[in-house]
Every structure is written in C-alpha cells, then in structure tokens.
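There are 2 protein chains.
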Amino acid sequence: MRWENLDQEPCSLSRTLSVVGDRWTLIVLRDCFLGVRRFDDFEARLGVTRHVLADRLKKLVNAGVLEKRPYQERPRREEYRLTEKGRDLYPVILSLVHWGDRHMADEAGPPIRHRHRACGAYTRGILTCAECGEELHPHDVEVEESPAWTGQLLPPKKAIDR
Amino acid sequence: MRWENLDQEPCSLSRTLSVVGDRWTLIVLRDCFLGVRRFDDFEARLGVTRHVLADRLKKLVNAGVLEKRPYQERPRREEYRLTEKGRDLYPVILSLVHWGDRHMADEAGPPIRHRHRACGAYTRGILTCAECGEELHPHDVEVEESPAWTGQLLPPKKAIDR
DNA sequence: ACAGGTAAGTTCCGAAACAGAACCTAGGGG
DNA sequence: CCCCTAGGTTCTGTTTCGGAACTTACCTGT
Chain A
0 MRWENLDQEP CSLSRTLSVV GDRWTLIVLR DCFLGVRRFD DFEARLGVTR HVLADRLKKL
60 VNAGVLEKRP YQERPRREEY RLTEKGRDLY PVILSLVHWG DRHMADEAGP PIRHRHRACG
120 AYTRGILTCA ECGEELHPHD VEVEESPAWT GQLLPPKKAI DR
Chain B
0 MRWENLDQEP CSLSRTLSVV GDRWTLIVLR DCFLGVRRFD DFEARLGVTR HVLADRLKKL
60 VNAGVLEKRP YQERPRREEY RLTEKGRDLY PVILSLVHWG DRHMADEAGP PIRHRHRACG
120 AYTRGILTCA ECGEELHPHD VEVEESPAWT GQLLPPKKAI DR
C-alpha cells in the first residue's frame, strides 16, 4: 500500500494519520497550540526547511485543520489558525507530550509544565471513559466491528487466538 | 534540523515523535493493541513492505516499546509484544482513533466501536485533568517552562502577543 | 531614486527513505 | 527431493527531505 491511499482505509487511525502522520506535521501543530501563526515564526522555532513547512501548512489547510486568514493588506499577509477540527487534536498532542514526559525526559525532567486554570494544579491529561469517567486501559476496552462494516474488516483473530 | 536529532530536543512531543513519528510506526502499534504479534501477520494486515516493517519493528524494540519473545525453538520463532512503555501509548492511539471517528468517517460511520468492560457502554476516551477530573481544553491549560529549563526554551511570545 | 528590509513562499540539487519484487535461511512435511 | 513456513535481507527505481539560493510584492530610510 502507498501512504497516499491511507485516507481510504476502513480505519480511523489510518485516516487520521493520512492528515497528521507526516514528518513534522504534529510538530507544526504543537506550535499552533502554543500560539504561533506566521510562516517565519514556524520556521525559526521548528528548524524545518521552508520547503517542507510550506507543504505541511498547505496540506493542513486543505484538510481543514488550519485556516489561512489575512491580518493585513498591502502587502497582503496571512496567518495560520487552528480551526475547530484542528483544536480537536488537542488530546492527541497532550497524550504525546505526556508520554514523552514520562518516558523520554532526561535528568532535567520535562521542559514544560501544564497548569489547569480551572483547578490551579500542575496537571497531566488522563484518558477516561466518556460514559463512566473511569480511566481507560487497553485491557478494559473491547474492540468490535461496527454493524455497518461487518465482514469488511481484516480480523486479527488468528493472531489473538494462538 | 534533521529528523534524527529530534530525540535531543527540549520538547517531550519531539522526543515522542522521534520514536513513533515515523510513517507506519503508529499503524504497527495499532495492530499490537489489537493483538497482532507476528511478522507475517503485521505484513498481511498493514500492506507495508517487509523492508519497512522489519525496520520499524527493530526501532520499536530498540526504543523499548516492543519486546521480542521466542514462542518456539527449532526453528526459533519470535513474536513482538508491547512492553509497559508501549502500553502507555494507548491514550495516544485512542485519541487518534477518536479524532478520525469524528472528522474522517464516511457515510458508513466509524468502522470500530469500543466497549468499556467496566461500565458496559460503547464509549470514547476523553482527556481529563488528573487532578480535578474535568475535561481538558486547550484554553484551560496554561503552559509554562519548568524551572530546570528556564531561559533555555524558545519562547513563542512574540507570536502570541501580536 | 535607490538600497536594504520583511513576509511568505518557490526552485534547484544531492541525500535519504519508500514501494515492489525477488531472494535467503533454517527448519518441517509428504 | 520438492515444496512449505516464518522471518527476514537485497536490489532497483521513485518520492520525499534537507540545505541553500532565488522570487514577489510591498515598506522604510536617505
């Protein structure tokens, strides 16, 4: 399979990665959540080449994750802002950050702390069940085909049974 | 900057992506959480070339996310299993899946449902504050440099202020 | 009028990564 | 002896990436 067909797969994870699974894309989005909006600011902070940055921004705009908005005319300049679809990626970003905090930090510890305004505490995000509020762990969650897709998905059962 | 130096960056997200930010790596991990353990099963389900699959599995083992375990001798065969470090990526996977369910599904809806054994409901994971239990949104979270890193991080302030 | 600066890209080239297919290794089964 | 299985490695051509220079369309100062 080629990477460019990933958005056709019957798998929400593959489809998500067809948008944000490229090299640099999630790092661009990290900076969006930090308030960066302009081309040259992205470039200065990211260390990515202008070529790749232009490509990633264009793809994110086409995917509806960012939108381009003029902030001045003559000369026309535009900035990039998260759409609601983009802001919905926040749990993804925060989960990735938290894993890095826990498993990839060096002696100095994680570089960034997150304070939750509502309760005032330094916090981390945890994944909880939208129905009962308990924390979700892999073995508490049973995966099943949704009825509309029955029989069209590749079952991993052979692998699980043995 | 080159992609290979990403694990040195003072940013937990970059460091996480140095492990799982490659093309295909998160899709390999999706299958790990579905119970797939063997080389040929990954290949059949993923549609990735054997070359790339071998490379990703090796990198994940080196990163401590998967471990290789013999399941028979003569001929020796080994399977890949998630370590605890790997299982800690569950929130990342589930957040990506949920975003795809919401924003990338077609008319048939999302292909997979998740049932939470503890409460019996079909559920989704939401990101909540580990301290107060409220759902976390981008604007409720204030980012600050941790004391050990003060002054060593690139501030996005110029971008935020204007 | 002209030099230099700014913001947001685009173009060009060599290096690295990827896709597809064939090949290899160490055994087992008929 | 031939074919099969599991888990890879090698080979070849196409894409994508990294680094640097160039472009466009204005603005500012002299």
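Chains A and B, in that order, give the protein sequences.
Per numbering that gives the first Met the number 0, the first sequence starts with residue 0, numbered consecutively.
Per numbering that gives the first Met the number 0, the second sequence starts with residue 0, numbered consecutively.
From the three backbone atoms N, C-alpha and C, an ideal C-beta is built for every residue, glycine too.
Taking 8 Å as the CB threshold, A:V47 lines the interface with chain B. In the DSSP assignment, the residues bridged to B:G124 are A:C128. Under the three-state reduction of DSSP output, A:H113 falls in the strand class. Closest in C-alpha terms to B:P137, from the list A:E130, A:T82 and A:A104, comes A:T82. Measuring C-alpha to C-alpha distances from A:R68 to each of A:H113, A:F38, A:S145 and A:R1 identifies A:F38 as the nearest.
Under the 8 Å Cβ criterion, the segment 122 to 130 of chain A does not count as touching the segment 19 to 27 of chain B, having fewer than three qualifying pairs.
If you check the CB distance, B:D105 and A:R101 do not come in under 8 Å. For B:L25, the uninterrupted alpha helix (DSSP H) run begins and ends at T24 to F32, by DSSP. When secondary structure is reduced to three states using DSSP, B:V35 falls in the coil class, being assigned neither helix nor strand. Taking B:C128 as reference, the option from B:R80, B:C118 and B:D139 with the minimal CA-CA separation is B:D139. Taking C-beta atoms as the reference points, B:H115 and A:L135 count as a pair closer than 8 Å. Collapsing the DSSP output to three states places B:R68 in a strand.
No Cβ of chain B is located within less than 8 Å of the beta carbon of A:F38. When A:V60, A:C131 and A:G34 are compared, the shortest CA-CA separation from A:V19 is found for A:V60.
Listed in chain order, the positions of the segment 105 to 118 of chain A with a beta carbon within less than 7 Å of a beta carbon of chain B are A107, G108, P109, P110, I111, R112, H113, R114, H115, R116, A117 and C118. For the segment 64 to 89 of chain B, the residues whose beta carbon sits under 7 Å from a beta carbon of chain A are, in order, K84, R86, D87, L88 and Y89. Excluding residues up to 5 positions away in sequence, V27, D30, V35 and L52 lie with their Cβ nearer than 7 Å to the Cβ of B:F41 in the same chain. Interface residue (Cβ-Cβ distance to chain B less than 8 Å): A:H102 is classified as such.
Contact note: A:E3 does not reach chain B at a C-beta cutoff of 8 Å; the least C-beta distance is about 11 Å. Cβ-Cβ separation between A:Y79 and A:L56: approximately 6 Å, consistent with a contact (criterion under 8 Å).
If you check each beta-carbon in the segment 122 to 135 of chain B against every beta-carbon of chain A, the ones closer than 8 Å belong to T122, R123, G124, I125, L126, T127, C128, A129, E130, C131, G132, E133 and L135. By the C-beta density criterion, A:T15 is buried, having at least 16 other C-beta atoms within 10 angstroms. DSSP, reduced to helix, strand and coil, places A:L81 within a strand of the structure shown. Between A:R75 and B:E130, the alpha-carbon positions lie close to 45 Å from each other.
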